[in-house]
Amino acid sequence: MTLIDRPALATTTDSETEVGATAARADRSYPAEVSTWVDGLVEHLQPAAVHWVDGSTRERHDLLQLLVTNGTIEQLNPDLRPYSFLARSAESDVARLESRTFICTDDPADAGPTNNWREPAAMRAELDEVFRGSMRGRTMYVVPFAMGPIGSPMARFGVQVTDSPYVVVSIGTMTRMGDAALAAIARGASWVPAVHSVGAPLAPGETDVPWPCNDTKYIVQFPATREIWSYGSAYGGNAILAKKAYALRIASVMARDEGWLAEHMLLIKVTPPSGRSYHLAAAFPSACGKTNMAMMTPNLPGWKIETIGDDIAWLWIGSDGRLRAINPEAGFFGVAPGTGVRTNPTAVDALWGNTIFTNVARTDDGDVWWEGLSDDAPAHLTDWRGESWTPGSGTTAAHPNARFTVSARQCPSIADDWDDPAGVVIDAIIFGGRRASNVPLVVEARDWDHGVFMGATIASEQTAAAEGTVGELRRDPFAMLPFAGYNMADYFGHWLDFGRRLRRSARVPRVFQVNWFRKGADGSFLWPGFGDNARVLEWMIGRLDGTRTAVDTPIGSLPAAGALNVEGLDLDADALTELFRVDPEAFLHEVDDIESFFATFGDRMPSELSRQLDLLRTRLQAELG
Ligand code: OXD
Ligand code: MN
């Protein structure tokens, strides 16, 4: 979208106007294209008032007070958790809804078999109906935001309208929200329009509920017009549209068209005792420990791991020809259960204050608790539903997908280059999944194309981050199954092309696959994980600088005997063998499963990946003799 010249933004703080009070709003010099879009939405959604969000601290404070008054959030004990709040969602609104997430393209093949496809005109007609009057009795917030540091060649902009002040404060943490983003749009930056309504209009005099939402939900992406529409949910990625809907689904389409990558990846900076830093990007499915890895305290003397991002990375080939990446977000929307003083002390520190918790339990003294925060639960809690809870009650005190929302700046391990507009140079890419069996602790890809094959074949046991059966194994290529805005086969092709461009311009980063979750015969995890995962990173970095050895296997290169540092670990020889065991027979079953998965893409599947599959099968069969 292009914009005509417009005057500088007014600085008035009086940003809420009755609908119809156009004169007051006219003083504020908003980009005409945004104003026109908002005017059309006001007519259709019929809010009682419009509030143009400026992103100031004062405004955030006022919104938090409003949310307390509405009963959506309660303030935690300021002595224990300064300026922090607890929200309890409706029980029907607790996770991303993949079954209600739609990609609307003219040709269903452009959405591909892994997405829910809808014909754009039919979906527009349906949305037209559900959104008609959906904001009645509520305020429409107009929320300009930037993804990525403003001034970066990779920064991208958007404007979300929403009738949920809870969503506004969440966007305020997760993005660069407010006047600075609007000013960039006013200067001509293109922007993605995103419309969000909780779908709970209020009749005159009707009392609101603490967590308004609607049983009918839609999260709709129109990739061709770069538009997002979301209805019925106020939870996480369903409602903070800058995150999954924009920074992954729409951005993956922009990335395809513009020659970059929008990925479900954490970013870290690893500094060994030598002092030379390396930057790694790692893709894992939802709730597989990305936040823990991004904030890892390494169990290796002299090593330092710093955080750049925990969920999304945008990667591109810089003008120096190197693979660069930014974290487009500005905060963490992390899964609380499993985040604890033993597993992720850095995150626990980051949450000291200024945090919004959703669906965790409350202690009797007004602090928060969730499973895994400490070894023992307090003797009494108020659970995520607001009910009295005691240990052994048979339910979890926090919802398994309970979240914290906190600014990246508050993370003690945040790297000094985390918001460098030029991004960081990526040295290696890691793919991982949650696999109880079959997949070794770490494997190095033979080359970029083999790495793309590894990414394309990630499978993982399902977690609580989305609706579905927890524990069920599903293929989640590049951890992007719920997030690719177009046909995944074309997405694989884009990765292969990107590798060809990288090969022409610079050093191609190494690609690895990891599995922290392999279990032994007794069902317990074989690898200690968490801070000891640094040992795996140590081996990877050794591979980059040529100091660690590997052995070739049918599935890629594994650490040679003694090359992985297991010193001081309570890991017996059998466990170590099992961690790296490649069972050709079991893997051949995996190959059959991958073949069926690839077949779902028909002739859109890049032939290079079918070739990689054939090579793998041949190597495994040779092993069997
Ligand atoms: C997330 C997810 O919230 O992947 O990051 O579900
Ligand atoms: Mn995620």
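Counting with this note's numbering, you get residues 5 to 629 for the letters of the sequence shown. Every residue, glycine too, gets a C-beta built ideally from N, C-alpha and C.
If the five residues before and after I77 are omitted, its C-beta is found closer than 8 Å to the C-beta atoms of L68, L71, F89, L90, A91, Y170 and I360, all from its own chain and listed in chain order. Look at D315: its beta carbon is less than 7 Å from one of the heavy atoms in ligand 2. M151 has its alpha-carbon roughly 6 Å from the corresponding atom of E333.
Bounds of the beta strand (DSSP E) holding S464 are A463 to E465. E63: not part of any beta strand (DSSP E); member of the alpha helix (DSSP H) spanning T61 to N74, first to last residue.
Of the candidates A463, L485, A468 and P486, A463 places its Cα closest to the Cα of R478. If you draw a straight line from the Cα of R280 to the Cα of P563, it comes to about 22 Å. Annotation: D387 to D368 spans about 11 Å, alpha carbon to alpha carbon.
For F482, the shortest separation between its Cβ and any heavy atom of ligand 1 does not lie below 7 Å. Within the DSSP secondary-structure output, A579 pairs in no beta bridge. Between R608 and V570, the C-beta gap is not smaller than 8 Å, which leaves the two residues out of contact. For M544, the uninterrupted alpha helix (DSSP H) run begins and ends at N537 to L548, by DSSP. For I598, the secondary structure class from DSSP, reduced to helix, strand or coil, is helix. T295: member of the alpha helix (DSSP H) spanning K294 to A298, first to last residue. A check of alpha carbon separations from S156 across S60, T105 and I330 identifies I330 as the nearest. Distance from D314 to G344 at the Cβ level is roughly 16 Å; contact not present, criterion being Cβ atoms closer than 8 Å. Between R328 and G489, the gap from beta carbon to beta carbon reaches 8 Å or more. For H454, the enclosing alpha helix (DSSP H) begins and ends at W452 to A460.
In the DSSP assignment, I312 falls outside any alpha helix (DSSP H) and within the unbroken beta strand (DSSP E) covering K308 to G313. M151 is bridged by DSSP to R160. Within the DSSP bridge table, the entry for R407 names V339 and T362 as partners. Counting C-beta pairs with one atom in each stretch, the region 492 to 511 and the region 392 to 409 have fewer than three that are closer than 8 Å, which means they do not touch. In the three-state scheme derived from DSSP, where H, G and I count as helix and E and B as strand, I430 is classed as coil. Contact between I598 and T461 is confirmed by a C-beta separation of about 5 Å, below the 8 Å threshold.
Under the DSSP assignment, F496 falls in the alpha helix (DSSP H) whose first and last residues are M492 to S509.
As the crow flies, the alpha-carbon of D83 is around 16 Å from that of W373.
Separation of M269 and M258 (C-alpha to C-alpha, rounded to the nearest whole angstrom) is 17 Å. Between ligand 2 and H403, a heavy atom-to-CB distance of less than 7 Å is absent.
In terms of side-chain proximity, the C-beta atom of S441 is found no nearer than 7 Å to any non-hydrogen atom of ligand 2. DSSP, read as helix, strand or coil, puts W215 in coil. DSSP lists A317 as the beta-bridge partner residues of E267.
Spatial neighbours of D421 in its own chain (CB-CB distance under 6 Å, excluding positions within 5 residues in sequence) are listed in chain order as V428.
Of the heavy atoms belonging to ligand 2, none sits nearer than 7 Å to the Cβ of S256. In this structure, the CA atom of F534 is about 19 Å from the CA atom of S441.
When secondary structure is reduced to three states using DSSP, A554 falls in the strand class. A Cβ-Cβ contact shorter than 8 Å links V224 with C108.
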